[in-house]
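Protein chains: 2
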Amino acid sequence: MAPSRSATMADVARLAGVSVATVSRTLSGTRAVDPAMQRKVTEAAAQLNYQVNLVGRALRQTRSSTVGLVVPDLENPYFSALAQQLSRVFSDPGIDLLVFSADGSLETEARGVSSFLGRQVDALVMIPVHEQLSEATVTAAAAAVHTIQLDRHVPGTAASYVGVSNREGVRLVHEHVSSCIDVGTHPVVYVGAAQGSSSAHERLDSMRRWFSPEVPTLLGDFSAAWGREAAARLLADGWRSATIVTAADVIAVGVVSHLLHQGCSVPGDFRVIGFDGVGAAAFAYPTLTTVRQPVEEMARSIRALVESDDEPSSRWFDPELVIGETSPGR
Amino acid sequence: MAPSRSATMADVARLAGVSVATVSRTLSGTRAVDPAMQRKVTEAAAQLNYQVNLVGRALRQTRSSTVGLVVPDLENPYFSALAQQLSRVFSDPGIDLLVFSADGSLETEARGVSSFLGRQVDALVMIPVHEQLSEATVTAAAAAVHTIQLDRHVPGTAASYVGVSNREGVRLVHEHVSSCIDVGTHPVVYVGAAQGSSSAHERLDSMRRWFSPEVPTLLGDFSAAWGREAAARLLADGWRSATIVTAADVIAVGVVSHLLHQGCSVPGDFRVIGFDGVGAAAFAYPTLTTVRQPVEEMARSIRALVESDDEPSSRWFDPELVIGETSPGR
DNA sequence: CTGTTAGCGCTTTCAG
DNA sequence: CTGAAAGCGCTAACAG
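Chains F and P are the protein sequences, given in the same order.
With the numbering used here as the guide, the letters of the first sequence map in order to residues 26 to 355.
With the numbering used here as the guide, the letters of the second sequence map in order to residues 26 to 355.
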């Protein structure tokens with residue numbers, strides 16, 4: 026079927042023999058309408074297969090019942106989990122969550138934000154690509170619309186923030202590891218992601234705080250490929266046993282995979298600990314000891330922020346340690 | 026900073042001392058404008074921090090430089106991979122790809138589609154939730170705008186289709202398995218997803234065609250949890266060795282994980298084969314033998330369809346077998 | 001409860 | 001090349 030010009034409210038009004046105002050009121054239910062007219066309108070609309078033009082509505086109302094979400098990347102399972110939870114919590118009050126991927130690029134991120142602003146979103150949720158370099162974009166967003174940063178934090182902006190306490194997460198890891206081994210004599214290594222995102226930054230800082238300022242550190246990105254490479258480097262450097270704390274489950278999966286392929290024992294030789302606790306990684310073999318983030322609660326908290334019209338505020342959730350086979354309890 | 030009413034073209038025109046038409050022409054570059062005026066406009070716009078209101082533009086132009094993507098679920102790594110690739114290919118020609126998750130629900134899917142239609146998207150890409158029950162929604166979409174079904178197919182609609190040949194995928198699996206074992210005497214089991222999506226359907230049909238009409242079959246959903254459960258059932262039913270073909274990598278990960286936890290050998294006792302070949306599953310231990318879909322090419326093909334204004338058409342890509350450790354070559 | 005009408009911000013004829 | 005003005009489809013005053 027060839028796309029045909031679609032019916033407008035005026036068409037419906039004409040067919041139903043009423044005014045456009047009555048059509049509008051019937052269809053959006055903003056005001057009482059005589060039941061008889063209501064029926065005529067509904068029938069005419071059905072007959073013409075009328076679909077409300079949200080662009081017209083948004084232009085008039087200067088809002089759009091839409092919340093925009095800008096993520097750095099959709100292939101990171103943690104981000105897709107957040108996106109999925111957010112869609113779900115906004116579905117209920119009839120708000121459409123639209124997702125835009127910045128594809129790891131600051132320029133694309135800026136484009137996504139101005140696109141959403143130009144579309145008159147009611148609120149903007151974003152996981153900033155970079156801790157410093159995304160500042161202009163976050164600031165621009167916050168100046169125009171209610172903006173909530175998620176997971177990653179650009180300091181000094183007027184936007185709200187929802188995330189997990191990375192410091193508490195690493196504290197849980199430290200507590201767990203301490204109860205299993207003697208942290209003073211057994212080596213602990215950190216495989217993280219390069220500075221740039223606040224979560225990477227905070228996790229590294231917390232490692233230094235809870236374990237040791239000199240904790241050996243390998244920094245790459247949030248990917249399984251990087252996990253493999255990091256493990257290869259450790260082995261090449263002569264490590265034969267250690268506790269490897271990682272910045273994300275995907276990294277941990279790569280680390281574990283490489284170690285096992287090289288004939289190392291996990292957790293015998295190497296304990297491995299992940300971060301995030303969402304996605305299929307949790308179901309892999311062996312199961313991961315990880316820090317689980319409460320993504321569902323975080324999503325609900327964001328909805329609450331969007332609905333309230335309070336001052337920008339920040340909320341840190343406490344994560345939870347999940348014991349798996351890559352680092353079992355004592 | 027409190028969100029303030031943002032500047033409009035009229036404001037820019039006033040400040041620059043020109044007409045709104047000139048502002049429009051300068052900013053969108055649709056027509057030649059005197060360089061001097063151009064400069065005045067650009068400066069005024071910068072000074073007022075002017076951002077074009079895309080809603081006004083879309084209302085006037087009846088299009089929006091936007092393509093909508095409706096997926097059943099963002100947590101399925103295959104879908105997020107497609108979403109990511111699509112964002113990337115549309116980024117180049119300056120089209121925003123906006124993603125909406127139907128959260129597995131037909132109602133939400135319908136809402137997503139009418140939302141995009143109401144927003145005047147230039148084209149709509151959708152992975153239908155259900156092979157039959159999504160028909161009304163796909164048809165409605167196709168009647169209003171250029172619509173392309175992706176991965177899953179609702180028969181008998183006027184929408185284009187881009188996907189992989191599941192029959193060819195299963196043929197590759199059959200060829201591989203036949204070269205490793207005697208398919209006549211060694212058991213082959215299929216762990217799939219319940220009918221509903223065309224891909225699940227086609228993969229099962231192809232299993233029956235290439236292997237045997239009586240191939241033992243367990244149907245669940247596209248999740249690692251289901252993979253685990255299916256493996257548990259197989260063991261409970263007394264299976265001690267088999268080749269397990271699955272409908273997706275996430276399922277395969279769950280199957281492998283459960284088997285290894287129960288002390289079975291993979292691929293010694295059980296060979297396991299996945300489908301999709303994207304995401305972190307490929308980096309897990311042991312590595313998966315799987316059927317890789319050419320997601321990048323598929324995304325490019327969709328962009329080509331959107332850009333051309335031809336009749337609806339369908340395109341099936343050939344997948345590729347990737348040998349991993351869960352079912353090595355002979 | 002219903003109808004008329006004025007715009008939301010923008011692009012695009014149409015004159016000049 | 002520039003400006004005035006119409007109008008995209010809708011909702012919200014306002015008057016009846």
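Glycine residues also receive a C-beta, built at the ideal position from the N, C-alpha and C atoms.
Computed from a predicted structure; not experimentally measured.
Problem set entry | Per-residue burial, PRO28(P) [other beta carbons within 10 Å of its own, 16 or more giving buried] | Annotation note: pLDDT 44 at PRO28(P) (below 50); position unreliable, coordinate value reported separately. Label assigned to PRO28(P): exposed.
Problem set entry | Rounded distance between the beta-carbons of SER31(P) and ALA38(P), thought under 8 Å | Not a contact, Cβ separation roughly 15 Å.
Exercise. Is DSSP giving SER352(F) helix, strand or coil here?
Worked result: coil
Exercise. Who pairs with PHE421(F) in a beta bridge, going by DSSP?
Worked result: An answer regarding residue 421(F) cannot be provided, because it is not within the stretch 26 to 355 covered by chain F.
Problem set entry | Where ALA76(P) meets chain F, residues with beta-carbon distance less than 9 Å | Here the sequence assigns Gln to residue 76(P), which means Ala is not the residue at that position. Neighbours of GLN76(P) on chain F, chain order: SER139, LEU142, GLY143, ALA165, ALA169.
Exercise. What number of angstroms, rounded off, separates the C-alpha of SER222(F) from the C-alpha of GLY245(F)?
Worked result: 12 Å
For this session: Grab me the residues of MET26(F)'s own chain with a C-beta within less than 7 Å of its C-beta, minus the 5 sequence neighbours each way, in chain order.
Result: A caution first: MET26(F) carries a pLDDT of 38, below 50, which makes its placement in the model unreliable, though a value can still be read off. Once the five neighbours on either side are set aside, MET26(F) has no close Cβ partner at all.
For this session: Would you please verify whether the beta carbon of THR33(P) is less than 8 Å from any beta carbon of chain F?
Result: no
Exercise. Below 8 Å, can you find three or more Cβ-Cβ pairs linking the region 105-118 of chain P to the region 142-149 of chain P?
Worked result: no
For this session: In the DSSP assignment, find the unbroken alpha helix (DSSP H) run with HIS283(F) in it and report its ends.
Result: 274-286
Exercise. Thinking just about the alpha-carbon of each residue, which of GLY354(F), MET34(F), VAL198(F), HIS178(F) is nearest to the one in HIS155(F)?
Worked result: HIS178(F)
For this session: Kindly identify the DSSP beta-bridge partner or partners of THR19(F).
Result: Here chain F comprises residues numbered 26 to 355, so residue 19(F) is not present and cannot be evaluated.
Problem set entry | Contact check, ALA309(F) vs ALA309(P), beta carbons under 8 Å | yes
Exercise. Under 9 Å Cβ-Cβ, which residues of chain P neighbour VAL179(F)?
Worked result: Those within 9 Å of VAL179(F) in chain P number zero; the least Cβ separation is about 14 Å.
Exercise. From SER314(F) to SER130(P), what does the alpha carbon distance come to, in whole angstroms?
Worked result: Reading the sequence as shown, one finds Thr at residue 314(F) and not Ser. Their backbone Cα atoms lie some 33 Å apart in a straight line.
Problem set entry | Selection of the region 96-122 of chain F by Cβ proximity to chain P, strictly under 8 Å | ASP98, LEU99, GLU100, PRO102, SER105, ALA106, ALA108, GLN109, SER112, ARG113, SER116, ASP121, LEU122
Exercise. Does the count of Cβ pairs from the region 335-353 of chain P and the region 189-198 of chain P closer than 8 Å reach three?
Worked result: yes
Problem set entry | Segments assigned alpha helix (DSSP H), at least 4 residues, entirely inside the region 196-253 of chain F | 223-235
Exercise. Does the beta carbon of ARG192(P) sit closer than 8 Å to a beta carbon anywhere in chain F?
Worked result: no
Exercise. Distance, Cα to Cα, ARG436(F) vs LEU330(F)?
Worked result: Examination of residue 436(F) is not possible in this model, given that chain F is present from 26 through 355 alone.
Problem set entry | 7 Å Cβ cut-off: residues of chain F touching THR67(P) | Per Cβ cutoff of 7 Å: no residues; THR67(P) is ~16 Å from chain F at best.
For this session: Determine the DSSP secondary structure at PRO121(F), reduced to helix, strand or coil.
Result: For clarity, residue 121(F) is Asp in the given sequence; the question names Pro instead. Here ASP121(F) sits in strand by DSSP.
For this session: Report the rounded CA-to-CA distance for GLU132(P) versus ALA70(F), giving the unit in angstroms.
Result: 20 Å
For this session: Could you list which residues in chain P have their beta carbon closer than 8 Å to that of VAL45(F), in chain order?
Result: Ordered by position in chain P, no residue passes the 8 Å Cβ test against VAL45(F), which lies about 16 Å from the chain.
Exercise. Residue ranges of each alpha helix (DSSP H) run of no fewer than 4 residues wholly in the region 125-193 of chain P, ordered along the chain?
Worked result: 131-143, 160-169
Problem set entry | Local Cβ density within 10 Å of ARG64(P), reported as buried at 16 or more and exposed below that | exposed
For this session: Measure from the C-beta of MET26(P) to each C-beta in chain F and report whether the shortest distance is under 8 Å.
Result: Low confidence applies here, because MET26(P) scores a pLDDT of 38, under 50, leaving its location unreliable; read the following figure in that light. Chain F contact via Cβ: present.
Exercise. Pick from VAL316(P), VAL92(P), SER266(P): whose alpha carbon is nearest that of ILE327(P)?
Worked result: VAL92(P)
For this session: Specify the secondary structure class of THR33(P) as computed by DSSP and reduced to three states.
Result: coil
For this session: Give the single residue among SER126(F), ASP335(F), ASN78(F) whose Cα lies nearest to the Cα of ASN101(F).
Result: SER126(F)
Problem set entry | Contacts around PRO319(F), its chain only, beta-carbon distance under 6 Å, and the 5 residues preceding and following it disregarded | PHE342
For this session: Check each candidate in ALA267(P), ALA168(P), LEU229(P) and name the one with the smallest Cα separation from ALA218(P).
Result: LEU229(P)
Exercise. Does the Cβ of PRO97(F) have 16 or more other Cβ atoms within 10 Å, making it buried, or fewer, making it exposed?
Worked result: buried
Exercise. Using the beta-carbon of each residue, which ones in chain P are nearer than 9 Å to ARG253(F)?
Worked result: PHE308
For this session: Using a cut-off of 7 Å between C-beta atoms, extract the partners of GLY81(F) located in chain P.
Result: LEU84
Exercise. In chain order, what residues of the region 292-308 of chain P put their CB closer than 9 Å to some CB of chain F?
Worked result: VAL303, GLY304, ALA305, ALA306, ALA307, PHE308
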